[in-house]
Amino acid sequence: MTPSELSEALSSALAAAVADGTLALPTDAVPASVHVERPRQREHGDWATNVALQLAKKAGTTPRALAEDLAARLAVHPGIQAVEVAGPGFLNITLDAASAGELARTIVETGADYGKGASEAGKKVNLEFVSANPTGPIHIGGVRWAAVGDSLARVLEASGAEVTREYYFNDHGAQIDRFARSLLARARGEQAPEDGYGGQYIAEIADAVVADALAAGEPDPRTLPDAEAQEAFRARGVQRMFGEIKQSLHDFGVDFAVYFHEDSLHESGAVDHAVDRLRQEGHVFDADGAVWLRTTDFGDDKDRVVIKSDGQAAYIAGDIAYYLDKRERGFDDVIIMLGADHHGYIGRMMAVCAAFGDEPNENLQILIGQMVNLVKDGQPVRMSKRAGNVLTIDDLVDAVGVDAARYSLARSSADQNIDLDLDLLASQKNENPVYYVQYAHSRTCAVDRNAADRGVRREDGFDPALLDHPTESALLGRLNEFPRVVAQAAQLREPHRVARYLEALAGEYHTWYQQKDRRVLPYPDESVTDTHRARLWLNDAVRQVLANGLDLLGVTAPERM
RNA sequence: GCGCCUGUAGCUCAGUGGAUAGAGCGUCUGCCUCCGGAGCAGAAGGUCGGGGGUUCGAAUCCCUUCAGGCGCACCA
532 MTPSELSEAL SSALAAAVAD GTLALPTDAV PASVHVERPR QREHGDWATN
582 VALQLAKKAG TTPRALAEDL AARLAVHPGI QAVEVAGPGF LNITLDAASA
632 GELARTIVET GADYGKGASE AGKKVNLEFV SANPTGPIHI GGVRWAAVGD
682 SLARVLEASG AEVTREYYFN DHGAQIDRFA RSLLARARGE QAPEDGYGGQ
732 YIAEIADAVV ADALAAGEPD PRTLPDAEAQ EAFRARGVQR MFGEIKQSLH
782 DFGVDFAVYF HEDSLHESGA VDHAVDRLRQ EGHVFDADGA VWLRTTDFGD
832 DKDRVVIKSD GQAAYIAGDI AYYLDKRERG FDDVIIMLGA DHHGYIGRMM
882 AVCAAFGDEP NENLQILIGQ MVNLVKDGQP VRMSKRAGNV LTIDDLVDAV
932 GVDAARYSLA RSSADQNIDL DLDLLASQKN ENPVYYVQYA HSRTCAVDRN
982 AADRGVRRED GFDPALLDHP TESALLGRLN EFPRVVAQAA QLREPHRVAR
1032 YLEALAGEYH TWYQQKDRRV LPYPDESVTD THRARLWLND AVRQVLANGL
1082 DLLGVTAPER M
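For the first sequence, the working numbering assigns the number 532 to the initial residue and increments by one for each residue that follows.
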């Protein structure tokens, strides 16, 4: 019996009570689906609901009286073993073991699809994340969005959405000029510009640019006149840097379907197109020689300059054009993940969204993630390129590996500032809960290997009623939750919920496995029984869910560790 | 000054109105005579920053206050 079946059973029990006059409630006050949840305490049964507490007042009765009535109606339902009224009026429901145990079969047979749903079905989602400027390697903040963003994409896909992962390649504007000047200065052995970029990677890229140019049969870019030289370093430097970023992300398990160049918006006329469109809608005005968008009409603090008085497009013009472009490419949901240092952008971008006639927070959704702080010896470490303590995506992967890095960054809420301890990173990487989850998975695989040796086979039968121990009903209940966890993670855009779920599941698996008197498999001199087979089904169901969950996080599920 | 995020165990963090607030790490005590000890069982450790309010019920919602982070450009 699934939670939704239970929920329906509760609804019909309520409807029946109303129909025979026991419950004085207008028919439209009967909820179509009743919320059931896993109680914290096992003694409180497999599922619990507070529906009696919520409806008693409207019905002019007491919660306990209503609960008693529902309990009596529910108890005769097949698949339900017991219904108890507890505390102020909770209904605690215990399923019979066979009904609960059937889930193991369902999961094994559903395989990699168990956990998938349709809550986001039919939606075309554009998910933009990372989008770090190609003026340096991806640092720790960007890595966080890579881990969280990719997991979010996977969770949305598992919920039926069609997701396009997109990276906005910011190759237009002053910071790129600074980057190019920094490369040129470094290549010529000159002092880095005051507002330029330092760091070892600048020297490496500068050398590579020279080598690339010479290899292409071009003149040494260092010898060109300044303007041409800078352009040469810009073009090849950006290309080079972006290649490295792509490679690092790929090594991290994150690949984007679209790498969108900001330059192209300006070259293609997309900016003019977007501004024209806003002008037609009547949201644009001219003042002080500049072109403004009246974002205050849509809740922004102040109006925004779109075209500066020198005729250049302001930065937001690119974002406006980019948003419109995404919508014109047919995306229903445009999701952008940004660091907390950009949260001031939400107001104006939502205003832009509204100015186009779209629904803010629907067609455009901006997710803000808080910063990652580095900590060493309990003290915060300020990252600075000059001090040479920038932690890049490659540094992180070198230190702990992709799995541990992705897991630790994806397991906390994006609303949280997270602290990353550099000493811990370097030394005790086994502290990462990812190993706890992966270990549980490899343990299920070890059981499978041994089961084959001992002649325990799933195909010889499955009696779900034999999964009747409290540790087994705990495991089954947890397995049952997985699809809801995935759906909730997608709906709330919080993939970390999957990680926390896996940790709980792994814990319950370890507990179940480790009981001395209830081994999964027989001793070598013992004969195989139905109980061993039933436990193997459960073992394999856990294995499947651990594997499915780890995949949603982009983490491997090893068969051996 | 205004805005967004955060404040939960010694540390890092879960917990979007339910019952006795949880996990990992750290500390302490047990557990390998056969399925993987990267594990399990147990103990200690909390005025959920403070104060009001709403509710049958608040870590969760509202108000207020304190503390920390991040923002408030014709920069990108």
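For every residue, glycine included, the Cβ atom is placed at its ideal position computed from N, Cα and C.
Secondary structure of residue i, DSSP reduced to three states
i, result
"A555", "coil"
"P668", "coil"
"N623", "strand"
"G875", "coil"
"F791", "strand"
"Y967", "helix"
"T1042", "helix"
"N657", "strand"
"D786", "coil"
"V836", "strand"
"V921", "coil"
"V912", "strand"
"V694", "strand"
"Y728", "coil"
"R1031", "helix"
"Q722", "coil"
"V686", "helix"
"E749", "coil"
"P995", "helix"
"R980", "helix"
"K647", "coil"
"G986", "coil"
Start and end residues, alpha helix (DSSP H) containing residue i
i, result
"G768", "D757 to D782"
"G932", "I924 to A941"
"A705", "A705 to A718"
"L1067", "D1061 to L1083"
"T1002", "P1001 to L1023"
"A603", "P594 to A606"
"G632", "A628 to T641"
"V549", "P534 to A550"
"V802", "A801 to Q811"
Proximity below 8 angstroms, CB of residue i to CB of residue j
i, j, result
"A631", "S943", "no"
"H858", "D819", "According to the sequence as given, residue 858 is Arg; it is not His. No, the Cβ-Cβ distance between R858 and D819 is not below 8 angstroms."
"V549", "V565", "no"
"P1094", "L1084", "Since the displayed the chain opens at 532 and closes at 1092, residue 1094 lies outside it and no answer follows."
"F700", "F816", "no"
"A852", "H814", "no"
"V694", "L687", "yes"
"D1061", "L997", "yes"
"V769", "P665", "yes"
"W823", "V837", "yes"
"K654", "A692", "yes"
"N1070", "V1086", "no"
Where the beta strand (DSSP E) through residue i begins and ends
i, result
"A613", "I611 to A617"
Selection from the options that minimises the alpha carbon distance to residue i
i, options, result
"R595", "D950, P619, A1078 and G552", "P619"
"R974", "W823, R1028, H814 and L1077", "L1077"
"V607", "D627, G591, T592 and T593", "D627"
"D782", "D831, A689, D934 and S662", "D934"
"R675", "G992, L869 and Q585", "L869"
"Q1046", "R1066, G730 and V1029", "R1066"
"D925", "A971, E775 and S713", "E775"
"A629", "T533, A598 and E659", "T533"
"L715", "R825, Q731, H703 and P752", "P752"
"E759", "G800, E793 and R712", "R712"
"R1074", "I638, A617 and E599", "I638"
"G800", "L855, E749, R767 and A547", "L855"
"P668", "V921, D738, E1012 and A744", "V921"
"V561", "G591, A546 and L605", "A546"
Residue(s) in a DSSP beta bridge with residue i
i, result
"D899", "The question names Asp, but residue 899 is Ile in the sequence shown. Paired residue(s): L869."
"I851", "Answer by DSSP bridge pairing: none, since I851 is not bridged."
"I949", "V903"
"F700", "H792"
"A818", "A821"
"D864", "V656"
"T826", "Its beta-bridge partners do not exist; DSSP assigns none."
"P891", "L895"
"T580", "L622"
"E1057", "According to DSSP, which records beta bridges pairwise, E1057 is partnered with nothing at all."
"E568", "A579"
"A844", "I838"
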